[in-house]
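Novice:
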Amino acid sequence: MAAAQRAEPAALPTAEAAGPDWRTWILGAVAVIAIIGLVPLWALVYRAWVRSSALPTMPLLATPTATIAMVTVPDVQGLNWEEARITIEAEGLRFTLEEQTGAAAPEGTVVRQEPLPGQPLPRGSEVRLYIAGPPEIVEVPGVVDVPVEVARNWLEQSGLQITVGTTWSTSPISTVITQEPERGTQVEAGSVVTLTVSGGTSIPIEINANLNNLILLEQAELLQARFHPGDLFSISLRWRALAPIPTRYAVFVHLIGPTGELVAQEDVEPFHGAQPTNTWTPGVSLWDLHQVNLPLNAPPGTYQVRTGMYPQGQPGSRLPVVDPGETSAEFNSILIAEVEVGP
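Take 180 as the starting number for the sequence shown in this note's numbering and just add one per residue.
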């Protein structure tokens, strides 16, 4: 059997003979050429920089800013909002409205403003106006026979305002005698209630009754308001001539009893004839004292004190009362006051 033949190993590839690296050379050459190309570019940049630095520096111009126009806030409190609008817009300002309830002012009236008057604001700014809303309706409390300070507190707590007048009265001093409007009246909040308060009997009684445009009965002074039968009733009357008086007039002082009857009287010229009316100087006031004796059988009750004038000796021709002033008059007889006569 033939001997097995062994396969010879394959021959290994032989390395090529070593030679120059052309790729590296080519890349290097490209790099050198690029650097050489940058040289003139750098020169141009350098020359431009040198030239620019040699030029004078121009100053920077500031950008002008707009000037803000300022205005003064006008005072519009107390004006109707329409009037306030015209005033505010005339100053170049805007406005907003806000209703304020319970304000003691007519509806639509400016009761407050923000900012306050006189403050500077940029033109076009906003001013807030607070205006009175619809009035609240309240009921007037009764304060007659109440001390005036207590009455004041009650009325103010109800949202009302008050005015006070003092008059002659037999009621305790500082006590409310009358009120207007009366108790229970429905009024707007902020309305005025007028109180008449007792000043006692030591103050004059305001009358201001006009007799035929010749004489004015200005006041009466009655220091006592309670009497007994047999007492001496005294009263002083303050007269003033309005024009020259050609006639002598007598003054009557009558005490009218509880049932309307004439109980006592005095009829006499002023100052018992010492200064008759035809001697009076216009514009000059005179105090004239009168005294009346109450009869011992005078019935108890409330008496009216009345007075007036008539030509001397003509009691049926009384001087007409053309204006009763602060009191009342009937049949040309002026009511002065009411007094009490007791047993």
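All residues carry an ideal CB built from backbone N, CA and C; glycine is no exception.
1. Please tell me whether residue 285 and residue 311 are closer than 8 Å, where the distance is taken between their beta carbons.
2. Drop a sphere of 10 angstroms on the beta-carbon of residue 342, count the other beta-carbons inside from all chains shown, and report buried for 16 or more, exposed for fewer.
3. State the DSSP-derived secondary structure class of residue 456, mapped to helix, strand or coil.
4. Let's see if you can read the secondary structure: which residues bound the alpha helix (DSSP H) around residue 336?
5. Once DSSP output is grouped into helix, strand and coil, what is the label at residue 193?
6. Which one of 502, 501, 487 has the shortest CA to CA distance from residue 495?
7. Would you report the Cα separation of residue 196 and residue 205, rounded to the nearest angstrom?
8. What are the start and end residues of the beta strand (DSSP E) that includes residue 264?
9. Which partner residues of residue 346 appear in the DSSP bridge assignment?
10. Report all residues from its chain with a CB closer than 6 Å to the CB of residue 520; omit the five preceding and five following residues, and keep chain order.
11. Excluding the five sequence neighbours on either side, which residues of its own chain have a C-beta within less than 8 Å of the C-beta of residue 303, listed in chain order?
12. Could you please give the first and the last residue of the uninterrupted beta strand (DSSP E) stretch that includes residue 286?
13. Reducing DSSP to helix, strand and coil, say where residue 229 ends up.
14. What does DSSP give as the partner residue(s) for residue 382 in the beta ladder?
15. Per DSSP, what kind of secondary structure is residue 451 in: helix, strand or coil?
16. Just how far apart, CA to CA, sit residue 333 and residue 289?
17. CB residue 390 to CB residue 424, shorter than 8 Å?
18. Mind checking which residues open and close the beta strand (DSSP E) that includes residue 480?
19. When the Cα atoms are used, what is the spatial distance from residue 380 to residue 309?
20. With distances taken between CB atoms, is the gap from residue 443 to residue 491 smaller than 8 Å?
21. Are there 16 or more other CB atoms within 10 angstroms of the CB of residue 184, so buried, or fewer, so exposed?
Specialist: To lay it out plainly:
1. yes
2. exposed
3. helix
4. 327-336
5. Any reading at residue 193 must be qualified, since the residue scores a pLDDT of 44, below 50, and its modelled position is unreliable; no value is offered.
6. 487
7. With a pLDDT of only 43 at residue 196, under 50, the local geometry of the prediction cannot be trusted, and no value is derived from it.
8. Taken as a continuous stretch (DSSP letters only), residue 264 belongs to no beta strand (DSSP E), being part of the alpha helix (DSSP H) at 260-269.
9. 377
10. 406, 477, 479, 482
11. 271, 272, 273
12. Per DSSP, residue 286 belongs to no beta strand (DSSP E) and is neither H nor E.
13. Reliability fails at residue 229, whose pLDDT of 49 lies under 50, so the model's placement of it is uncertain and the value that follows must be treated cautiously. Here residue 229 sits in helix by DSSP.
14. According to DSSP, which records beta bridges pairwise, residue 382 is partnered with nothing at all.
15. helix
16. 27 Å
17. no
18. 480-490
19. 48 Å
20. no
21. With a pLDDT of only 44 at residue 184, under the threshold of 50, the placement of this residue in the model should not be trusted; the figure read from the coordinates follows. Exposed, by the Cβ-count rule.
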